[in-house]
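Okay, so here's the structure we're looking at.
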Amino acid sequence: MNSHSVLARFAATPATLFHNPRAEGGGGWPDDLEGLLGSEDCAAARLDVAAWPGYAPTPLRDLSGLAQAAGLAALSYKDEGGRFGLGSFKALGGPLAVRRLLARNPAAGDGATVACATDGNHGRAVAWAAQAFGCASAIYIHEGVSQGREDAIAGYGARVVRVPGIYDDSLRRVQADAGENGWILVSDTAGDDFDQTQLDILQGYTTLADEALTQLGQAPTHVFVQGGVGGLAAAVCGHLWQVLGARRPHTAVVEPEKAACLYVSAVNGKPTLFPGDLDTVMACLAAGEVNLPAWRILDRAADTFLTIPDEAAVAGMRLLAEGIGGDAPVVAGESGVAALAGLLAACADGGARKSLGLADDSRVLVIGSEGATDPALYRRIVGRSPDEVGGTG
Ligand SMILES: Cc1ncc(COP(=O)(O)O)c(C=O)c1O
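Per numbering that gives the first Met the number 0: the sequence shown = residues 0 to 392.
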């Protein structure tokens, strides 16, 4: 497979780039960001997660064939599809917060209900944790969340409430209902009213970045990570900065062009609402408002913000399912593949590639944040079921 035929698939799906003038390269992890993402707290969170039954590091897939086709020295894909059997990295954050919230609220006792709004994966993880830690859960979803994702959440015994509108509408509803009913809110996003829960979630997410660094053995030159409200990206970029200091890689945050709240916030230099219905195939990234603590980290830790059209994610899913140049096939969901799609869209565009400093000696880490969390949708897009692609069908 030559580079032309692979990158040609992304020629019609260009990425839009913004290089962040406030990114701090060249220096160590700033002391004042420790208050948001404390190194020791993160280490404790990772120890906690690693002690849960069923914990195992997720695989780091070596995509040498694709690297060659894209004109890169190495391409590693951190595949979160198998995380705790929940299909995404979200199993690292919400459940840790649930555990800590229950520990902080012993008075809630057996009758506790944890609640959250979700595009799918966070709610699934919170419902799983509620079942595992012995409390009830109420999970709020919006119109755009597929039936497959709703069923997966309900499968963990959650009460699922569907709310008209977008993610932010479901968030406001669950906040109101939790207040009225005395439920414990486990929100993975917040504005300037953020509290320890959102910080706990970021700490849990650092697990995947920590594993990836160990698996790589050598620091990457570039990291591509997808953004919804920004929590995952903040944890990944923050952790790499904590560990690697001034040697931290170039960090790039990829969002759907139809739901790019981090991108517009970067352009404006302050948290900014992304308007519209956020209608994107990358459903788990469909957020109109940033998570404030995550934003405060990304504002200084993210070097480039990219947006991509839906077609780039679709092309990325198909390409991973094929396996390029001898690479083993990988099953990736629409949001899970966004970081890789952003990288390939940038590689297909000479100007973007150059401005990101991507070259034939680059060693790139991309975060694959989910597997096929909606198998029916996966089949429609890829033409085969996840089992068939993954070699178990
Ligand atoms: C699969 C997947 N990838 C990425 C994200 C983005 O994470 P965040 O909203 O913390 O930016 C999400 C969020 O739900 C997700 O489910």
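Even glycine gets a Cβ: it sits at the ideal position worked out from N, Cα and C.
query	result
Let me know if H221 comes out buried or exposed under the rule of 16 or more other beta-carbons within 10 Å of its beta-carbon.	buried
If you draw a straight line from the alpha carbon of G356 to that of A175, how long is it in whole angstroms?	46 angstroms
Please state whether DSSP places I307 in a helix, a strand or coil.	strand
Once DSSP output is grouped into helix, strand and coil, what is the label at S169?	helix
How long is the line joining the alpha carbons of S136 and D192, rounded to whole angstroms?	23 angstroms
Is it the case that the CB of Q225 approaches a heavy atom of ligand 1 more closely than 7 angstroms?	yes
Got a sec: does ligand 1 put a non-hydrogen atom nearer than 7 angstroms to the Cβ of L230?	According to the sequence shown, residue 230 is Gly rather than Leu. Yes.
Could you compute how far the alpha carbon of I165 sits from the alpha carbon of E142?	7 angstroms
Check whether the segment 226 to 241 and the segment 184 to 200 are in contact - that is, three or more C-beta pairs closer than 8 angstroms.	yes
Count the other CB atoms, across all protein chains shown, that sit within 10 Å of the CB of H18; report buried if there are 16 or more and exposed otherwise.	exposed
According to DSSP, simplified to helix, strand and coil, what is G392?	Legend: pLDDT at G392 = 41, less than 50; position of this residue unreliable, value from coordinates given subsequently. In the structure shown, G392 sits in coil (DSSP, three-state: anything other than H, G, I, E or B).
For chain D, is any of its Cβ atoms less than 8 angstroms away from the one on Y155?	Within the model displayed, chain D is absent; a lone protein chain is all it includes.
In whole angstroms, what is the alpha-carbon distance linking Y262 and L297?	11 angstroms
Kindly examine ligand 1 and report whether one of its heavy atoms sits closer than 7 angstroms to the Cβ of A18.	First, the residue type needs correcting, since residue 18 is His and not Ala in the sequence shown. No, the beta carbon of H18 sits no closer than 7 angstroms to any heavy atom of ligand 1.
Under 8 angstroms, do S264 and W240 count as touching if we go by C-beta distance?	no
Would you please state the rounded distance, in angstroms, between the beta carbons of T306 and E254? I believe it to be under 8 angstroms.	5 angstroms
Tell whether a beta-carbon distance below 8 angstroms holds between L62 and Y76.	yes
Classify D359: buried if its beta carbon has 16 or more other beta carbons within 10 angstroms, exposed otherwise.	exposed
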